[in-house]
Amino acid sequence: MGSVGVLTNSVMVCAPLMAQSVEQMVIDMHSAKAQGADVVEVRLDCINKFQPSQDLEAIIRNKPLPVIIVYRPKWEGGQYEGDEHRRLEALRLANDLGADYVDFELKVASELIEELKNKHQNGGKFIVSSYLNGATPSKESLGHLVATMQATEADIIKVVSNADDITEMERIFHMLSHCEVPAVAYSVGERGLISQLLCPKFGGALVYGSMEGNSIPGLPTLDSLREAYKVDCINSDTKVFGLVSKPVGHSKGPLLHNPTLRHVNFNGIYVPMFVDDLKKFFDVYASPDFAGYRYGTCNFVVHFEVNKASIFSYKTLLDLTSHVKNLFFLGSIFILHKIGRRIARNCEVPSTCMLHLVRIRYIKSFLKLILV
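Each residue of the sequence shown is one higher than the one before, counting from 117 in this note's numbering.
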């Protein structure tokens, strides 16, 4: 099952900051650090009456943690609508002043990155970003895009899409796991939430989290990333369990069940999954990495089909071909064992049966009790 509780990846937790004044931006940087951020993304295009030389110096001089400087134009989903030359000069200045990371759009990245790398080496790194309109492209198209972005010689590449369906995230995970340079890739909105939460599993360099009191759709909070999900402990071997629902944002399950998984030393993560089409979802997420799902709320009914070595239910769906993979079902196994080897083909078990009732080493013997 793998051990948990130690650092197993190098993913950074980033807080996007969109304050309208430099003063508030500095305050937010300190708040983000206090809430668990490793780095902050400073959106210059959100600052009212932004004055590059004065404001950039204030931001960089007062930063309590590394900063990513972003000056996003309207044509790439940002707010800046002014002169392009002035915008690029501000990004050059950010690099000169010692910004840890400067973000360039793919359209302008090649020339600028080459120019700045030839000019001097001040330790700053460059991110090349691409914001995609519409649904996430195919794996092949993403592969071509990544190759183009890598050719800019940026230190990190970043791809952002708008998800129409949660199944699109599988293409993003594929991209992350095959990229030859550090990469950031995710989809915005509730359907794209798992692209943030599972980013460390597939090799992503950065996961975004919102600050307390400033929720952003599709982003987990900094506190949940650190305390509930423990993203710094997720690795390629981490098994994924999920609440499959629509909507799903109301669920408190991750706050309860992720600590439970860690308590029994199981290398797994429980995440909310906004699913529109169940069949399509299960067709795409069929690999052993995606180990079990729960559907719905309150109580659930478990129906055994022993000949198929699988279990299907109205509110619980899982595969028992090799081992138990549903953390809620583990509680059911415990209850069946405790009531004296009671075997049932259709039984109703309260969802309050939690994984903490079970010790993982008993699973195989419990299965023998049930599948007789």
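Backbone N, C-alpha and C define an ideal beta-carbon position, used for all residues, glycine too. It should be emphasised that the depicted structure is a prediction, and the values quoted were computed from it without experimental measurement.
From Gly240, Val156 and Ala150, residue whose alpha carbon lies closest to that of Cys130: Val156
Could you round the C-beta distance between Asp216 and Val244 to whole angstroms and report it? I think they count as a contact, below 8 Å. About 16 Å; that fails the 8 Å criterion.
Within 10 angstroms of its Cβ, does Pro404 collect 16 or more other Cβ (buried), or is it exposed? exposed
Cβ contact (3+ pairs, closer than 8 Å) linking the stretch 202 to 209 and the stretch 168 to 178: yes
Just the Cα atoms here: how many angstroms apart are Pro333 and Leu228? 32 Å
What whole-angstrom Cβ distance do Val186 and Val323 have, given they're in contact under 8 Å? That belief does not hold up - the Cβ atoms of Val186 and Val323 are roughly 17 Å apart, past 8 Å.
Quick one: does the C-beta of Arg410 sit closer than 7 Å to a heavy atom of the ligand SAM? The ligand SAM is not part of this structure, which contains no ligands at all.
Candidates Gly239, Met291, Asn234 and Trp191, of which the one nearest Leu213 by Cα: Gly239
If you reduce the DSSP assignment to three classes, tell me which class Lys424 lands in. The pLDDT assigned to Lys424 is 33, lower than 50, so where the model puts this residue is not dependable; a value taken from the coordinates is nonetheless given after this. Three-state result, Lys424: helix.
DSSP three-state label for Val183, please. strand
Check the DSSP bridge columns for Tyr401 and list the partner residues they point to. DSSP output for Tyr401 lists no bridge partner at all.
Excluding the five sequence neighbours on either side, which residues of its own chain have a C-beta within less than 7 Å of the C-beta of Phe166, listed in chain order? Leu160
Note down the Cα distance separating Val304 from Asp392, rounded to an integer number of angstroms. 16 Å
Pair within 8 Å by beta-carbon distance, Val276 and Tyr302: yes
For Leu359, which option in Asp348, Ser293, Glu192 and Phe398 has the closest C-alpha, if you only look at C-alpha atoms? Phe398
According to the neighbour-count rule (16 or more other Cβ atoms, all chains shown, within 10 Å of its Cβ), is His373 buried or exposed? buried
So, helix, strand or coil for Arg202, using DSSP? helix
Could you give the DSSP three-state label for Val380: helix, strand or coil? coil
Where the beta strand (DSSP E) containing Ser331 begins and where it ends: From DSSP, Ser331 is part of no beta strand (DSSP E); its letter is neither H nor E.
Does the beta-carbon of Pro132 have 16 or more other beta-carbons within 10 angstroms, so that it is buried, or is it exposed? buried
Span of the beta strand (DSSP E) holding Asp219? Tyr217 to Glu221
Assuming Glu221 and Glu192 form a contact by the criterion Cβ under 8 Å, report the distance between their Cβ atoms to the nearest whole angstrom. 5 Å
At least three beta-carbon pairs within less than 8 Å, the stretch 349 to 359 to the stretch 374 to 388: yes
Have a look at Val138, Pro189, Gly152 and Val347 and flag the residue whose alpha-carbon is nearest the alpha-carbon of Ile176. Val138
Pairwise C-alpha distance: Gln151 and Glu329: Contrary to the premise, residue 329 reads as Gly rather than Glu in this sequence. Roughly 12 Å separates the two Cα atoms.
Could you give the distance in angstroms between the alpha-carbon of Glu269 and the alpha-carbon of Arg410? 43 Å
Buried or exposed by the 16-neighbour rule on C-beta atoms within 10 Å, applied to Glu286: buried
Backbone secondary structure at Cys315 - three-state DSSP: coil
Here's the rule: buried if 16 or more other CB atoms are within 10 angstroms of the residue's CB, otherwise exposed. What is Lys396? exposed
Following the continuous alpha helix (DSSP H) through Ala263, name the residue where it begins and the one where it ends. Lys255 to Gln266
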